[in-house]
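Trainee:
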Amino acid sequence: MTTINHDHPLIYYHGRWDSSPGTWWAGSGFKINALNLHSLIVILGERTTAPFAPVAVSVDNSEFFTMNASAGANYIPLPASTKATASVVRINVEGWQNNRIHLDSIMYNSSKDAILLPYRPSKLAFQFIGDSLSAGQFLPLGVNQAWPFLVGEKYKAEHRINAQPGAALTDIFSYGNVHGVSYQYFRTEDTGFYYTQDHNFTTPWNFNRDRPSATHIVIHIGANDASQGITEDQFVQVYSRFLQRLRKIYPKQPIFVFTPWGWPNEDAPTYYYYPGQYEKIVNARKANGDKNIFLVDTTGWVGMSEVYSDNKHPNVEGHQNIANHFTVWLKNWGLSP
Numbered sequence: 399m400t401t402i403n404h405d406h407p408l409i410y411y412h413g414r415w416d417s418s419p420g421t422w423w424a425g426s427g428f429k430i431n432a433l434n435l436h437s438l439i440v441i442l443g444e445r446t447t448a449p450f451a452p453v454a455v456s457v458d459n460s461e462f463f464t465m466n467a468s469a470g471a472n473y474i475p476l477p478a479s480t481k482a483t484a485s486v487v488r489i490n491v492e493g494w495q496n497n498r499i500h501l502d503s504i505m506y507n508s509s510k511d512a513i514l515l516p517y518r519p520s521k522l523a524f525q526f527i528g529d530s531l532s533a534g535q536f537l538p539l540g541v542n543q544a545w546p547f548l549v550g551e552k553y554k555a556e557h558r559i560n561a562q563p564g565a566a567l568t569d570i571f572s573y574g575n576v577h578g579v580s581y582q583y584f585r586t587e588d589t590g591f592y593y594t595q596d597h598n599f600t601t602p603w604n605f606n607r608d609r610p611s612a613t614h615i616v617i618h619i620g621a622n623d624a625s626q627g628i629t630e631d632q633f634v635q636v637y638s639r640f641l642q643r644l645r646k647i648y649p650k651q652p653i654f655v656f657t658p659w660g661w662p663n664e665d666a667p668t669y670y671y672y673p674g675q676y677e678k679i680v681n682a683r684k685a686n687g688d689k690n691i692f693l694v695d696t697t698g699w700v701g702m703s704e705v706y707s708d709n710k711h712p713n714v715e716g717h718q719n720i721a722n723h724f725t726v727w728l729k730n731w732g733l734s735p
């Protein structure tokens with residue numbers, strides 16, 4: 399077996415990793431590309447979530463399957479077809495919590511017959527920003543079944559998902575989150591840092607580590623601001639300032655601002671929070687000369703049959719439906735898979 403350490407240049411990291419290196423935020427992971435690969439072992443360090451962290455694995459764009467990864471040696475099953483061809487192995491954490499894998503090293507069959515190759519990322523890279531409605535909370539396979547992940551896969555794009563269940567956009571305490579997304583998005587760690595004994599601090603995220611830089615920014619947020627009593631004027635102010643900060647990082651990229659698809663009800667109309675305010679936010683940006691910001695009206699995208707009855711979050715079918723709607727919207731806008 400050949401062993402490479404976590405700092406090997408041919409390991410392609412995506413998402414948010416700290417210096418250990420360990421993952422934060424749902425969907426973070428890594429990719430490797432290898433020729434004649436028929437044995438693969440991922441060695442994880444002591445900071446990996448105990449007893450395990452659910453991770454998703456895909457080989458050569460196969461459907462993802464779930465493994466429970468734990469500290470020590472984790473054997474990755476490979477299909478026989480990988481032996482004589484170049485193979486891309488993709489691994490990401492599925493959960494929004496209990497989602498830390500601490501990469502120590504990778505072992506694979508001898509370098510006499512297996513050769514690591516550079517992974518060539520797609521030129522298309524989505525950056526999704528949100529809360530539980532984008533993080534895959536309550537879904538059996540976590541973020542891998544969430545609409546942002548599905549959209550990224552449809553477009554064969556790189557996709558990074560910074561979505562924190564329970565978090566408001568406003569920087570307030572909300573459902574166990576000590577910060578809002580308007581703060582946490584610019585940090586390496588998600589809000590789980592607060593409850594993590596071996597890493598209870600945050601560090602600034604270096605956006606130069608996002609390779610390639612995001613080409614399209616998608617935001618769906620506001621449900622928890624509404625439930626925490628943030629007024630319409632306060633929300634517009636916070637969202638507008640957040641967009642100003644994003645524009646310093648992504649000066650020309652298209653930004654897609656989702657309106658709420660709301661909370662469906664069996665015996666009452668769907669409840670939409672902050673009606674008219676997302677339009678106000680986008681129109682204000684346009685009036686100030688931002689020509690690359692777009693409102694995505696999601697009204698009617700989710701009905702009662704597409705949410706869990708007890709918490710009104712989209713179920714598996716609901717997330718698939720949202721992904722399909724947004725794909726159609728993007729096609730009409732001018733971006734086809």
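Taken in order, the sequence shown gives residues 399 to 735; the numbers are from this note's numbering. Yeah, the Cβ is synthetic: ideal placement off N, Cα and C, and Gly gets one too.
I499 and V453 - do their beta-carbons sit closer together than 8 Å?
Mentor: Taking the first residue of the sequence shown as position 1, residue 453 is located at position 55. Taking the first residue of the sequence shown as position 1, residue 499 is located at position 101. Yes, they are a contact pair.
Trainee: So, is E492 buried or exposed, given that buried needs 16 or more other C-beta atoms within 10 angstroms?
Mentor: As a position in the sequence shown, residue 492 is number 94, starting the count at 1. Counting Cβ neighbours within 10 Å, E492 comes out buried, since at least 16 surround it.
Trainee: Within the stretch 541-606, note down every full beta strand (DSSP E) run reaching 3 residues or more, in order along the chain.
Mentor: Listed in chain order, the beta strand (DSSP E) elements of length 3 or more contained wholly in the stretch 541-606 are 556-561.
Trainee: Is Y706 helix, strand or coil when you go by DSSP?
Mentor: Position 308 of the sequence shown, counted from the first residue, corresponds to residue 706. The answer is coil: DSSP assigns Y706 none of H, G, I, E or B.
Trainee: Kindly provide the ranges of any alpha helix (DSSP H) runs that are 4 or more residues long and lie completely inside the stretch 451-525, ordered along the chain.
Mentor: none
Trainee: Any heavy atom of the ligand NAD within a distance shorter than 7 Å of the CB on N730?
Mentor: Annotation note on the ligand NAD: not contained in the displayed structure, which lists no ligands.
Trainee: Please specify which runs of the beta strand (DSSP E), each continuous and at least 3 residues long, are wholly inside the stretch 614-678, giving them in chain order.
Mentor: 614-618 and 653-656
Trainee: Taking the continuous beta strand (DSSP E) assigned at W415, which residues delimit it?
Mentor: Position 17 of the sequence shown, counted from the start, is the residue given in the question as residue 415. Note, W415: beta strand (DSSP E), Y410 to W415.
Trainee: Could you please give me the residues that DSSP links to K429 through a beta bridge?
Mentor: Taking the first residue of the sequence shown as position 1, residue 429 is located at position 31. DSSP output for K429 lists Y410 and R488 as bridge partner(s).
Trainee: Quick one: what's got a C-beta closer than 7 Å to G574's C-beta in the same chain, skipping five residues either side?
Mentor: Along the sequence shown, read from residue 1 onward, the residue named residue 574 stands at position 176. So the list reads G564, once near-sequence residues are dropped.
Trainee: Three or more C-beta pairs under 8 Å: does that hold for the stretch 657-674 against the stretch 611-626?
Mentor: yes
Trainee: What is the DSSP secondary structure of G716, counted as helix, strand or coil?
Mentor: Taking the first residue of the sequence shown as 1, we reach residue 716 at position 318. In this structure, G716 counts as helix in the three-state DSSP scheme.
Trainee: Contact check, T400 vs A566 under 8 Å by CB: the rounded distance?
Mentor: Taking the sequence shown and counting its residues from 1, the one referred to as residue 400 is at position 2. Taking the sequence shown and counting its residues from 1, the one referred to as residue 566 is at position 168. So it is not a contact: roughly 47 Å between Cβ atoms.
Trainee: How many Å lie between G534 and H577 at the Cα?
Mentor: The count along the sequence shown starts at 1 and reaches residue 534 at position 136. The count along the sequence shown starts at 1 and reaches residue 577 at position 179. Those two C-alpha atoms are separated by around 20 Å.
Trainee: Who are the Cβ neighbours of D416 in its own chain at under 6 Å, not counting the five residues just before and after it?
Mentor: Within the sequence shown, the letter at position 18 stands for residue 416. Closer than 6 Å at the Cβ level, and outside the excluded window around D416, lie T586.
Trainee: Does the separation of the CB atoms of G528 and A561 fall below 8 Å?
Mentor: Taking the sequence shown and counting its residues from 1, the one referred to as residue 528 is at position 130. Taking the sequence shown and counting its residues from 1, the one referred to as residue 561 is at position 163. Cβ distance < 8 Å, so G528 and A561 count as in contact.
Trainee: Does DSSP put V726 in a helix, a strand or coil?
Mentor: One-based indexing of the sequence shown puts residue 726 at position 328. If DSSP states are grouped into helix, strand and coil, V726 belongs with the helices.
Trainee: When the Cα atoms are used, what is the spatial distance from F591 to N497?
Mentor: Start at 1 with the first residue of the sequence shown, and residue 591 comes out as number 193. Start at 1 with the first residue of the sequence shown, and residue 497 comes out as number 99. F591 and N497: Cα-Cα distance of roughly 11 Å.
Trainee: Any idea which residues DSSP pairs G528 with across the strands?
Mentor: Translated into the one-based positions of the sequence shown, residue 528 becomes position 130. DSSP, once it has assigned bridges, lists A561 and H618 as partnering G528.
Trainee: For R445 versus P519, is the C-beta spacing smaller than 8 Å?
Mentor: Here residue 445 corresponds to residue number 47 of the sequence shown, with the count starting at 1. Here residue 519 corresponds to residue number 121 of the sequence shown, with the count starting at 1. The answer is no: Cβ separation not under 8 Å.
Trainee: Does the CB of T696 have a neighbour CB from chain C at under 8 Å?
Mentor: Annotation note: the requested chain C is absent from the structure, which comprises a single protein chain.
Trainee: Could you tell me how far apart the beta carbons of P516 and N431 are, in whole angstroms, since I believe they sit closer than 8 Å?
Mentor: The residue labelled residue 516 in the question sits at position 118 within the sequence shown. The residue labelled residue 431 in the question sits at position 33 within the sequence shown. In this structure P516 is in contact with N431, their Cβ atoms being roughly 7 Å apart against a cut-off of 8 Å.
Trainee: What residue range is occupied by the uninterrupted beta strand (DSSP E) comprising L539?
Mentor: Working through the sequence shown from its first residue, we reach residue 539 at position 141. No beta strand (DSSP E) holds L539; DSSP gives it neither H nor E.
Trainee: Looking at D588 and W423, is the spacing between their C-beta atoms short of 8 Å?
Mentor: On the sequence shown, residue 423 is found 25 positions in, with the first residue counted as 1. On the sequence shown, residue 588 is found 190 positions in, with the first residue counted as 1. Taking 8 Å as the Cβ cut-off, W423 and D588 qualify as a contacting pair.
Trainee: Grab me the residues of L514's own chain with a C-beta within less than 6 Å of its C-beta, minus the 5 sequence neighbours each way, in chain order.
Mentor: Here residue 514 corresponds to residue number 116 of the sequence shown, with the count starting at 1. Sequence-distant partners of L514 (beyond 5 residues in either direction) whose C-beta falls short of 6 Å from its own C-beta, in its chain, are L408 and A432.
Trainee: Which stretch, first to last residue, makes up the beta strand (DSSP E) that contains L693?
Mentor: Reading the sequence shown from its first residue, position 295 is the one you call residue 693. Segment I691 to V694, the beta strand (DSSP E) holding L693.
Trainee: Return helix, strand or coil for A533, following the three-state DSSP convention.
Mentor: As a first step, residue 533 is located in the sequence shown; it is residue number 135 there, counting from the start. Here A533 sits in helix by DSSP.
Trainee: To the nearest angstrom, report how far apart N663 and W699 are at their CA atoms.
Mentor: The sequence position of residue 663 within the sequence shown is 265, counting from 1. The sequence position of residue 699 within the sequence shown is 301, counting from 1. Going from the Cα of N663 to the Cα of W699 covers about 14 Å.
Trainee: Quick one: using the 10 Å Cβ neighbour count with 16 as the cut-off for buried, is N386 buried or exposed?
Mentor: There is simply no residue 386 to check, as the chain begins at 399 and stops at 735 in what is shown.
Trainee: Start and end of the beta strand (DSSP E) containing N686?
Mentor: Within the sequence shown, residue 686 is the residue found at index 288, counting from 1. In the DSSP assignment, N686 falls outside any beta strand (DSSP E), carrying neither H nor E.
Trainee: So A721 and K552 are in contact, right, with Cβ under 8 Å, and what is the actual spacing, rounded?
Mentor: By one-based count along the sequence shown, residue 721 stands at place 323. By one-based count along the sequence shown, residue 552 stands at place 154. About 7 Å separates the two Cβ atoms, so the contact holds.
Trainee: CB G716 to CB R558, shorter than 8 Å?
Mentor: Here the question's residue 716 lines up with position 318 in the sequence shown. Here the question's residue 558 lines up with position 160 in the sequence shown. No, they are not a contact pair.
Trainee: I'd like the span of the beta strand (DSSP E) that includes V440, first residue to last.
Mentor: Here the question's residue 440 lines up with position 42 in the sequence shown. Counting along the chain, the beta strand (DSSP E) containing V440 begins and ends at L438 to L442.
Trainee: Going by DSSP in three states, W422 sits in which element: helix, strand or coil?
Mentor: Taking the sequence shown and counting its residues from 1, one reaches residue 422 at position 24. Strand at W422.
Trainee: So who's on the other strand from N403, going by DSSP bridges?
Mentor: Counting from 1 along the sequence shown, the entry for residue 403 is found at position 5. DSSP output for N403 lists S503 as bridge partner(s).
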